[in-house]
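The structure under discussion appears below in the form of C-alpha cells.
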C-alpha cells in the first residue's frame, strides 16, 4: 500500500512555442503513514507533481502506481482514486460555494454516492477534526475569517475520508498564528489517524518541525530526498537554489564555528535548546 | 483543460505581421472581411486565398495552430451548410422525402462555408499576431475621431483591454476551481443537460465571487495610481506609422482593387 512514481515527465503546453518541462524524470516512493514535506521554489514543479497523484494531470510519460495499481490503466476508476487521495489546493477557500459551512463540507462525500446520514456524519466529523467551533457550522462560508474558511475547505476534503491527504501550501497568506494552528492540526490528524500526508510548501520553517521526510524539488526534478536532518545538512546548496534551511540550522552552524560543541543536525527549537545546554554543560 | 481554445489567442513569435501597427491590422482585417462579401465568382476567392496564404506565411504562425482554433466553430459551420443546402429554393437536384437539395443550395452552401472559414482564419490572424493590449491601443487611436461625437473611445478601449486581460486570469481560475471540485468528486461531464447545468453551480459561484473580488482590487489599484480617464494621459509606447505600415496599406489596397476589380470585369 503506497504510491510509486515511475519516471514521470510532464510538459506544459506541449506543441506550442511556450512548452515548458514541468517535471523531469521523477521517481519516488511514498509508503503508507508517512508525513512528507515537498519543498521547492515557485515554479519548481511541486504543485504540478501533486496534481499527478490523484490523476488530475496525466503525465506526458511514466507510470504512477497507487496501492499497486497503475492509475493510467484504461479501466482504472479515477473517480475512486480521487476519493482515496484527497487534494487540498492552494487557497482552498476559493472553492467554497454553498449557503452554509456544513452543506459545503457535505459536497465531497455526497459525490461519493453515500446515503444522507453517512454524508452528514462524515461532514460533522471532518469539521470537528479541523477544530471549527460548532456555532459556525450553519453560517455562510463567506462570513468566516480567512483561517476559518481554510479549515472548512480542508474539512471538505477530509470528509471524503481519503487514505492520502495532500495539502498544497496550506499556510499561504495566513498570519503566523493561523499558520501554527493549521500545521498543528495537520500533525495531530496524522498522529491520530496515521494517514499519509503530503505537505507542499516553500518554507522550510513550516515543515521542519512536523514532517519525517523532505523532498526538495528544483527545476522539475528531485534535488534531495531524506529526513529533515539529512536535507538540511545541505543548507549551503539549498541556499544556492533560493531555499533556506530553518534559522535553527544557521544558528547551530554559527555556534559550532565559534567553538561551541553543538550538534549541527538539530532542526527544531527544542532539539537546538537541548544540544546547546549539553554543550554548555560540557564546557 | 481549457487551454485548447486558440480563437482570440496571441501566438508569440517575431514576424513582419507581428511588427505591423495594430491599426493597419485592424483596418486590413475589416477590409478583408468586407471584401469577402463582395465576391461573386470563383477567381476572386482564389485571389483572396492567395492573399490569405501569403499573410499566413509571413506571420510565421503554424497553420496547424489556426486550424485548431477552427474546431470551435465547426458546429456553426455545419448548421450553416445544412440550412443553406436544404432551404434554398431553386432547381432541384436530389429529393429525399421532404428534403430537397437544389443546385442553388449547393452553390450557396459551398460559398458560405468558404466565406466563413476564410473570415475566421483571416480574423484569427489578427488576434494571433497582435497582443490584446496592442489591439485596444490601435482601436483607441484609430477611433479617436469619434470623440468629436462624444463617443467615450478611451473608456471603451480601457474596458476592452481590462476584459481581455481578465480572460486568461479567469480561465486559469476556472481551471483551478474545476480541478479543486473534481478533487472533491464533482462530475462535470456525465448526466443529462439539467444535471450538467446543476453541476456547474460549484464552479460558477466561486468564479463569480473571485471575479468580483478581482474587479474590486483592480479598481482600488487604479484609483491608488490616480487613474481618472483618458484626458491628458500619455502613452509609454505611442503608435507611429512606419514605412512597413505604409507598404502594408498599399498591399491591402492593391488586394482590394485586384480582387473586387477582377470579379467585376469577368462578370
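Residue numbers (my numbering), protein chains in the order written: chain C, 681 to 963; chain V, 11 to 277.
The C-beta atom is built at its ideal place from N, Cα and C for all residues, glycine as well.
Short of 6 Å from the beta carbon of residue 817(C), and not among the five residues preceding or following it, lie these beta carbons of its own chain, in chain order: 781 and 782. In the DSSP assignment, residue 222(V) falls within the alpha helix (DSSP H) that extends over 211 to 234. Among the residues of the segment 166 to 194 of chain V, those with a Cβ less than 9 Å away from any Cβ of chain C are 183, 186, 187, 189, 190, 191, 192, 193 and 194, in the order of the chain. In the DSSP assignment, residue 689(C) falls within the unbroken beta strand (DSSP E) covering 682 to 692.
In summary, no residue of the segment 802 to 813 of chain C has a CB separated from any CB of chain V by less than 7 Å. Counting C-beta atoms within 10 angstroms of its own C-beta, residue 101(V) has fewer than 16 neighbours from the protein chains shown and is therefore classed as exposed. In this chain, the beta strand (DSSP E) harbouring residue 844(C) covers 844 to 848. Rounded to the nearest angstrom, the gap between the Cα atoms of residue 260(V) and residue 35(V) is 13 Å.
Residues of chain V with a Cβ closer than 8 Å to the Cβ of residue 775(C) are, in chain order, 187, 190, 191, 194, 212 and 216.
Taking residue 877(C) as the centre and dropping the five residues before and after it, the same chain places the C-beta of 715, 845 and 870 closer than 6 Å to its C-beta, in chain order. The bridge partners DSSP lists for residue 897(C) are 720(C) and 902(C).
Against chain C, a Cβ distance below 9 Å from residue 220(V) picks out 774. No Cβ-Cβ contact shorter than 9 Å links residue 224(V) with residue 164(V). Note that the C-beta distance between residue 148(V) and residue 33(V) is below 9 Å. Relative to the Cα of residue 23(V), the nearest Cα in the group 252(V), 41(V), 274(V) and 67(V) belongs to 67(V). One finds nothing in chain V with a Cβ atom closer than 7 Å to the Cβ of residue 893(C); even the nearest lies about 23 Å away. Listed as beta-bridge partners of residue 711(C) by DSSP are 682(C).
Measuring C-alpha to C-alpha distances from residue 906(C) to each of 718(C), 691(C) and 687(C) identifies 718(C) as the nearest. Under the three-state reduction of DSSP output, residue 877(C) falls in the strand class. Taking the beta carbon of residue 837(C) as reference, the chain V residues within 8 Å of it are 193 and 194, listed in sequence order.
Membership of residue 148(V) in the alpha helix (DSSP H) is indicated by the continuous run 142 to 152. The Cβ of residue 227(V) sits no closer than 9 Å to any Cβ of chain C. Residue pairing by DSSP places residue 85(V) opposite no residue, since no beta bridge is assigned to it. Per DSSP, reduced to three states, the secondary structure at residue 701(C) is strand.
In this structure, residue 728(C) and residue 702(C) form a Cβ contact; the two beta carbons are roughly 4 Å apart against a cut-off of 8 Å.
Residue 848(C) and residue 830(C) have their C-alpha atoms some 12 Å from each other.
The Cβ atoms of residue 209(V) and residue 197(V) sit closer than 9 Å to each other.
At least one CB atom of chain C sits nearer than 9 Å to the CB of residue 197(V). With fewer than 16 other Cβ atoms from the protein chains shown falling within 10 Å of its own Cβ, residue 257(V) counts as exposed. Contact annotation: in the segment 817 to 845 of chain C, residues whose CB is within less than 7 Å of a CB in chain V are 836, 837 and 840.
Chain-order list of chain V residues neighbouring residue 759(C): 195 and 197, by C-beta distance under 8 Å.
DSSP, reduced to helix, strand and coil, places residue 61(V) within a helical segment of the structure shown. In the DSSP annotation of this structure, residue 810(C) is not part of any beta strand (DSSP E), being labelled neither H nor E. With a 10 Å radius around the Cβ and a threshold of 16 neighbouring Cβ atoms, residue 892(C) comes out exposed. Residue 787(C) has a beta carbon lying within less than 9 Å of a beta carbon in chain V. Taking a 10 Å sphere around the C-beta of residue 142(V), we find 16 or more other C-beta atoms and assign the residue as buried.
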